[in-house]
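Take a look at the structure set out below.
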Amino acid sequence: MSSTCRIISVVNQKGGVGKTTTTVNLATAMAAVGKRVLVVDADPQGNASTGFGVVRADRGAGCYELMFDGMSVEDVAGPTAIPNLSLITSSADLAGAEIQLVTAPQREYRMKDALDRSAKDYDIVFIDCPPSLNLITLNALIASHALMIPLQPEFYALEGVSSLLQTVEAVRARFNPELEIQGVILTMYDKRNSLSDAVASDVRAYFGDKVYETVIPRNVRVSEAPSHGKPVLLYDLKCSGSRAYMQLASEVLKREFGYLEKTEAARKAVGE
3 MSSTCRIISV VNQKGGVGKT TTTVNLATAM AAVGKRVLVV DADPQGNAST GFGVVRADRG
63 AGCYELMFDG MSVEDVAGPT AIPNLSLITS SADLAGAEIQ LVTAPQREYR MKDALDRSAK
123 DYDIVFIDCP PSLNLITLNA LIASHALMIP LQPEFYALEG VSSLLQTVEA VRARFNPELE
183 IQGVILTMYD KRNSLSDAVA SDVRAYFGDK VYETVIPRNV RVSEAPSHGK PVLLYDLKCS
243 GSRAYMQLAS EVLKREFGYL EKTEAARKAV GE
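Numbers in our numbering are just positions in the sequence shown, counted from 1, shifted up by 2.
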């Protein structure tokens, strides 16, 4: 990976919060503005791969082979229908990876080592994590510079995040002190529902400016797009969901690449 590549895990141990939908569409939006993007489908369910139109029968070597067979990113990353966007697919073998990792040497660093071996130059890598805090998710967090947390504004939203935050602190303390929360994304937001507003207020009070201004609305076109094997930006560019993901991409770019610009300026200031 290049020194300027940023690796971001999209994580929430609660399923059904829009984690994969966010990964697929945010990555697409980033690629649409010219960033070189890689998506790593690290979820054995393989929904991100499906979301990009790669059916199970067409999936060759992917995330499992990257972590266990010594393959490089160049060996396993394939193009998608979106220019500038490559994908490392999930496969059925990844379902057994959790068991293999228990006894594997350097088990926590398999994904980090695999990504570090790569000579491919991307601007940003998104890792779509499983909906659980397991060893695959731990591998992703150790490999990442930052994480994003999609949250559905419902009654139990914050309650489930506490376990994730404890895991993040443990990863920082033991494995990856540079890991940061890049942002919290409110997904499936229904402005007609007063509960959405109430929970959103609680989330913003808890996380402060880590919560993105952009919210992802509940939108039928976003829900339909995966069944057509397309990100919603390709399925219906003009729908409210597509517009929201483009706005979110703009916010992420400011946070991520504004960070890189500041870092580069600081290095020049000290003569590195």
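For glycine and all other residues, C-beta sits at the position ideal for the given N, C-alpha and C.
Check	Outcome
Give the straight-line distance between the Cα atoms of S88 and G17, rounded to the nearest whole angstrom.	25 Å
Alpha helix (DSSP H) containing I138: first to last residue?	L137 to A145
In terms of alpha-carbon separation, which member of P85, E215 and V42 lies closest to E76?	V42
Measure from the C-beta of T189 to each C-beta in chain C and report whether the shortest distance is under 8 Å.	The displayed structure is made up of one protein chain only, and chain C is not part of it.
With DSSP run on the structure shown, which of helix, strand or coil describes T169?	helix
Can you tell me which residues form a DSSP beta bridge with M150?	V12 and G185
Would you decide whether V56 is buried or exposed? Buried here means 16 or more other CB atoms lie within 10 Å of its CB.	buried
Could you check the C-alpha separation between R112 and S196 for me, to the nearest Å?	44 Å
According to DSSP, I90 sits in a beta bridge with which residue or residues?	V42
For D130 and A44, which I take to be in contact (beta-carbon distance under 8 Å), what is that distance rounded to the nearest angstrom?	6 Å
By how many angstroms is the C-alpha of L160 removed from the C-alpha of A207?	11 Å
Alpha carbons only, please: which of F54, R38, Y66 and A145 is nearest the one belonging to K114?	A145
As a quick exercise: from V26, G98 and H147, pick the residue whose alpha carbon is nearest that of R8.	H147
Along the chain, where does the alpha helix (DSSP H) that runs through F209 open and close?	S196 to F209
Helix, strand or coil, according to DSSP, for R257 in the structure here?	helix
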